[in-house]
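Chains as they are written, first to last, in numbering that gives the first Met the number 0: chain G, 0 to 673; chain Z, 0 to 170; chain A, 0 to 343; chain F, 0 to 152. We put the CB at the ideal spot given by N, CA and C, even for glycine. Data block below; observations after.
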Amino acid sequence: MARIGVFVCHCGENIARTVDCARVVEELKSHPGVVHSEDYKYMCSDPGQALVRKAIEENDLTGVVVCACSPHMHEKTFRGAAAKAGLNPFLCEMANIREHCSWIHEDRGEATDKAIDIGRTIIEKVKHNVPLETIRIPVTKRALVIGGGIAGIQAALDIADGGAEVVLVEKESSIGGHMSQLSETFPTLDCSQCILTPRMVEVLQHPRIKLHSYSELESLEGYIGNFKATIRKKARSVDEDLCNGCGDCQAACPSRKIASEFDAGTGKRSAIYVPFPQAVPNIPVLDRVNCTRFKAKRKGIEKDVCGKCQEACLKGAIDYEQEDSFVTEDVGAVVVATGFQLYSIGRDQPAGLKGYGEYGYGDVPDVIDGMQFERLASASGPTGGEILRPSDGKPPKTVVFVQCVGSRDPEKGIPYCSKICCMYTAKHTMLYKNKMHDGKAIVFYMDIRAGGKGYDEFTRRAIEDDGAQYVRGRVSRIYRDGDVVKVWGFDTLSGEQVVVDADMVVLATAMRPQPGIAELAQKLSISYDEHGFINEAHPKLRPVETNTAGIYIAGACQAPRDIPESVAMASATAAKVLGLFSADELEREPTVALVNEQTCIGCFSCEQVCPYGAIEHVDVCDVEGHICGVVARVNPGICQGCGTCVAVCPSKSVELQGFTDEQIYAEINALGSW
Amino acid sequence: MDFQPRITAFVCNWCTYTGADLAGTSRLQMAANVRIIRLPCTGRIDHMFIVKAFERGADGVIVSGCHPADCHYTAGNYHARRRFGVFRELMDFMGIDPRRVTFSWVSASEGVKWKDVVNETVARVAELGPFDAYHELAGDTITGGEPAPDPFEAAGGAETSDPLEAHEVGR
Amino acid sequence: MSLGYYPGCSMHGTSREYDESLKAIAPALGVTMTEIDDWCCCGASSAHAADHLLGVALPARNLALAEAQGHDEVLAPCAACFNRLAGARHAVANEPGMAARVQAVLERPFANSVAVRSVVELLLGLAPTIEEQVAARLEPNQLGELSIAAYYGCLLVRPAEITGFDDSERPSSMESVIAACGARPVDWNMAVECCGGAFSVSRTSSVVRLSRAIIDDARSHGAQAIVVACPLCHSNLDFRQAAMTRRGEEPMPILFITQLVGLALGLPAETLGLGRHFVATEPLLTQLKALAAARAAADAAKAAAAAEKAAARAAASDRPVVAASAAAASDPAPAPPSAGGGDA
Amino acid sequence: MGREMPLPPHDIMRAVINNRRDRVFGDESIWLCLTCETCSARCPNGCDPARVIDALRELAVSEGVSPSPRNVRAFHQAFLDQIKFSGRLFEVGLVLDYKLRSGDLLKDVANAPAMLVRGKLPVKPARIAGHGDVRRIIEACERERTAGGGELT
């Protein structure tokens, strides 16, 4: 037999002004199942809570109803009080007679009647409440970080420094990402390598970071706190344990004219190579597409050719037979930091993009993109930091910079603003002017978007101190005319057509997500937008979480981001991950769905509607142990407790704890008596 | 008016319940005829709840949750909307005037809208007069355990009409 | 597949040689086309400027005729006509209410079922055939030494959603045809710039300014001739050229693409109407003939030498690999900039 | 032609957006457009200035506003009358007619003989069987326009 205690709060005058609390107490005292009923001025105060505890102990109550404010306000408070008195907290409920009654009605009689009704409803519900235990899920205190760019590096280091283990997966042969390609960084113009390289080395040497370079995520199973990641270590043709990074193989390789990806095509590399001297790990990779030996094999030539790198390697680390291998890692959280790619506006265009034939990119050698300019300006670049144009290696006297190439162009390119271009173009003009004092830097822009600490000052500096000439308007045509690159543009401020005879043109091309991001997102079952950027759980309040618990995002995989933002996001994900790892077990509200496997007919209507994929298939066996059917089971680790499955279950085999049919019908019935 | 309709409201915990809280904290005065039953999500609402409410003497029902795409549980309100499509057909069949049921979206920030939904529903139901056909409603009055018709049976047809729109008020 | 022929007004007038040369090469390439009976002017380049509906209705009338005469494709050699016809087809298909309005003024059945083709598109499809025939010819191909600038102008490639068959900023179809003819397409800059179009008569000054830029650029990129597929372009570049050539400049012959193909197929200059140009083509042709002959002789010698080499090479076995690695070493393809950087 | 237009295409678009009829029809800009479509092809926002300008010219003609340069309008007029008369364009007729309207009689006259020699100018107009049909279409369109059936602006 239920023994319910009712506690009516005056909330000072807030409730008592319009609700006759004494009458509520009286009326509810006589309600079947109620053994105790009292009121107090401030029920949420310590003495108020003490009343509740006392009553629970004295009348050994089986349920508590607090007629006061909204459960969103004080449910935790009173459930806590109940727990202190040894009552299961989930046997305590609140009847909202403030927000939903005293505050919105003037007529005392009406309000009091309503308050009584609300009290009754909740009493009836509480009669059917059952003790619930908070769900506890074990947590593997190990994080998987996908992507070894600055975001991934920052996330990995922060998490590892926080005491948790980290598995860092990088698809290229070295970590460092785009930042390692940059010459200087805005708005401080400090050298990118100088600030990044130490962090890269830290990653390598960190006792709690395990680095899988030249590897990719093959698959991810499980749920928050309990993921199992399978990682494909791509065949590197070099034994990572034997190699000591001496570089002899690289020196021995005969095919040295391969366009270097790291130099964005402005420099050359050999077939077996480390992308750049400061690479981490400093272990070469053999590019089987361009390797003479493998080319010959593909041509069907039996005899082994070349093999010079193998001969050169004293450690015998070169292994032509090596194949992709797989490792599995147990992790509790995942950070996605796959970064971006620059929109290549050349002849081959991805579906849905028209490209910019009129800009001659890919045809005119002296029309390059931002990353190529970075390499030309970089001290570690192919020109040793001298800005020389690709066609004839001469220093360009006039350089035109075109902003918004592909960005903010819903018709031919991409509708969004790539955000970093205004800043890096300003930086480029400075780098150029600092190296070529008599040079002329002309920038075509639509708007200058330099929001950020010290950003606008930076662009101003480019214009006012370094004398970059900014022209507001778009460029309509770029072509090679003998020795010069003709640039046709329009100055919308002066209303004149502008034709520039440039020596070199730098296109600030748009930022796009990495290729293959969609496949990755599917592997992780996280969502992405129409451009391929990963969706955050909430654009303002949960910017580094995804809609899948335990998976977080950092950097340019979520939207165009600059370095400071990427780093900030990375540290934010680290905080999230470390928070998740702070307890040995995850505590979850027990208000989750529960399947009655006896009555489940295995139609899996629930599976169709579950937004979280929490429904699992379970085999049921007959007495001999033969599988005789499949039923649904809810994974409490994943279920968020929306109850949609309950409503659609045709056999009424699912219940949502805390909101069972029984409880809700009891509430409805209670209302029947008004 | 002399007749005071009795309205039962099924609202989701995250949007409408919070919206109603906001109405309270903003001291928005409204009709006192509504009794709220809090659910985690409109997706949880089995439409037998509504039938049961009428059977227990409610003259009108309000069902309100998050706006489309705002669902705390990403999709619950869509499934709800889809099922109400089926339910509307059912109501005619059971002899319940569809105007007695208000489907609405009230977000956590729409205290004012909640007030309007309440007042307009109360006014509408008041005009329709008491719902006295409840004793004709089939089923055991205590547990209300009638087998609910499979909501997906007619779901296909449901998608064409949009009940939440059909009766939405307080825009 | 029945191909209707829509000559358009200028084919019977100022650009008669376009018509003649097309009719000359068609049989040679196995193309059969029948002129649309009772076709009328498509309205270019005035109707659309004066009345949108009229700009659609006039071409639509011709498409309707083609339909009625059982054609499922219409060939419109004049770029302007092609653009108007294709544009009308597009408008009727896509502009709300347009189908009905056109129907109302046409007063004849019109299902908008006829596809519109330009000569360039047609020849592009026939490029292999042209190549074969050129190869099959006995006498040396006189175009072998010819560097040609392919001039598209506006109406052939813009707007993309109407014309469709080629990239509107960096077209390549004409170049393919030129190559098929055995000539050398030059890489130049003015292929899609405007020549002044319909202002030939009414605003000659503009035409001279625009067209001169085109001819100058072609010349500076080593073109000996310009190939066009548009009567308007032709008359501007050819008829008006006198007004724009400066002292000491070689006049630049302007050929219709059909004439070029004709030459490649070895058809006589007369039948191709090459005599009708204002800028004489004879000097170029004679020069080419000479060059071609000379080259043929040289080639013969080369071939002999090569044959011996091949024989010698056949002896040694591991040669092909060296060749392969050499090829690898000189692999020019630059990596796409996006390939840089490292992410999972 | 952009550089010869007092109002380049983007200014025309702006003026249209701001409903500045005075600017749009204030000079001959819209008549200098050759419909080369370059502006439409390169607009990042998929605006179609070429179509807009066509519509503006139509408006200008039907409302008799806008000082279209005498010779340009003359050309269009001559052109349309040609088609109206014969169903096809008869270039000699066009040129003569145009010269009468525009007044620059001497221009190109020197070239005409050259044209004739090259057989480029048929002296006799080709009049198609369906010229009546064409005339009817042209008039029908005029009617629709004056009736305001057109969807311009």
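For Gln192(G), no beta strand (DSSP E) segment is defined; the enclosing uninterrupted segment is the alpha helix (DSSP H) at 191-204. In this model, Glu584(G) and Val33(Z) are separated by some 42 Å (Cα to Cα). Interface with chain Z (7 Å Cβ-Cβ cutoff): Val608(G) is included. Interface annotation for the stretch 34-54 of chain A against chain F: Asp37, Trp38, Cys39, Cys40, Gly42, Ser44, Ser45, Ala46, His47, Ala48, Ala49, Asp50, His51, Leu52, Leu53, Gly54, criterion Cβ-Cβ distance under 8 Å. Between the alpha carbons of Pro389(G) and Gly359(G) lies a gap of roughly 14 Å. Chain order gives the chain G residues near Arg2(F) as Gln496, where near means a beta carbon separation below 8 Å.
Look at Leu254(A) here: in three-state DSSP terms it is strand. Residues of the stretch 40-62 of chain F whose Cβ lies closer than 8 Å to any Cβ of chain G, in chain order: Arg41, Cys42, Pro43, Asn44, Gly45. Looking from the CA of Tyr444(G), the closest CA among Lys411(G), Thr491(G), Ala569(G) belongs to Thr491(G). Rounded to whole angstroms, the Cβ separation of Leu670(G) and Ala19(Z) is 16 Å, and the two are not in contact under 8 Å. At the C-beta level, Thr7(Z) and Val60(Z) come within 7 Å of one another. For the beta strand (DSSP E) assignment, the uninterrupted runs of no fewer than 3 residues enclosed by the stretch 272-360 of chain G are, from N- to C-terminal side, 324-330, 332-335, 339-341.
When Cβ-Cβ separations below 7 Å define contact, Ser167(A) makes contact with chain F.
Residues are counted here when their Cβ sits less than 9 Å from a Cβ of chain G; for the stretch 102-125 of chain A the count is zero. Our two residues, Leu287(A) and Gly143(A), have alpha carbons roughly 8 Å apart in a direct line. With 16 or more other CB atoms across the displayed protein chains lying within 10 angstroms of its CB, Thr203(A) is buried. Annotated three-state conformation of Arg169(A) is coil, per DSSP.
A direct Cα-to-Cα measurement between Leu262(A) and Pro252(A) gives close to 14 Å.
For Val10(Z), the uninterrupted beta strand (DSSP E) segment begins and ends at 6-11. DSSP places Leu137(A) outside both helix and strand once states are collapsed to three, so it counts as coil. In chain order, Ile386, Pro394 place their CB closer than 7 Å to the CB of Met435(G), counting only its own chain and leaving out the 5 sequence neighbours on each side.
Contact of Gly345(G) with chain Z is not assigned, every C-beta pair being separated by 7 Å or more. Taking 7 Å as the CB threshold, Ala122(Z) stays off the interface with chain G.
Apart from sequence neighbours up to five positions away, the residues of its chain that approach Thr424(G) with a beta-carbon distance below 8 Å are Gly369, Phe400, Gln402, Val442, Tyr444, Val505, Ala507, ordered along the chain. The C-beta distance from Ser63(Z) to Ser103(Z) rounds to 5 Å, short enough to fall under 8 Å. Closer than 7 Å to the CB of Cys8(A) there is at least one CB belonging to chain F. Residue-level contact by beta carbon holds for Arg34(Z) and chain G, with a gap shorter than 7 Å. Residues of the stretch 173-199 of chain A with a Cβ closer than 9 Å to any Cβ of chain G, in chain order: Asp186, Trp187, Asn188, Met189, Val191, Glu192. Note that the C-beta distance between Gly54(A) and Gly42(A) is below 7 Å.
At the C-beta level, Val165(G) and Ile158(G) come within 7 Å of one another. Within the stretch 460-545 of chain G, the complete alpha helix (DSSP H) runs of at least 4 residues fall at 516-523. Here Gln81(F) is buried, its C-beta having at least 16 other C-beta atoms within 10 Å. If you look at Ile49(Z), you'll find it in the alpha helix (DSSP H) that goes 46-54.
In terms of Cβ geometry, Ser69(G) and Glu109(G) do not form a close pair [threshold 7 Å]. Counting the other CB atoms within 10 Å of its CB gives Asp482(G) a total below 16, which places it among the exposed residues.
Under the Cβ distance rule, Ser69(G) counts among the residues neighbouring chain Z, one pair being separated by less than 7 Å.
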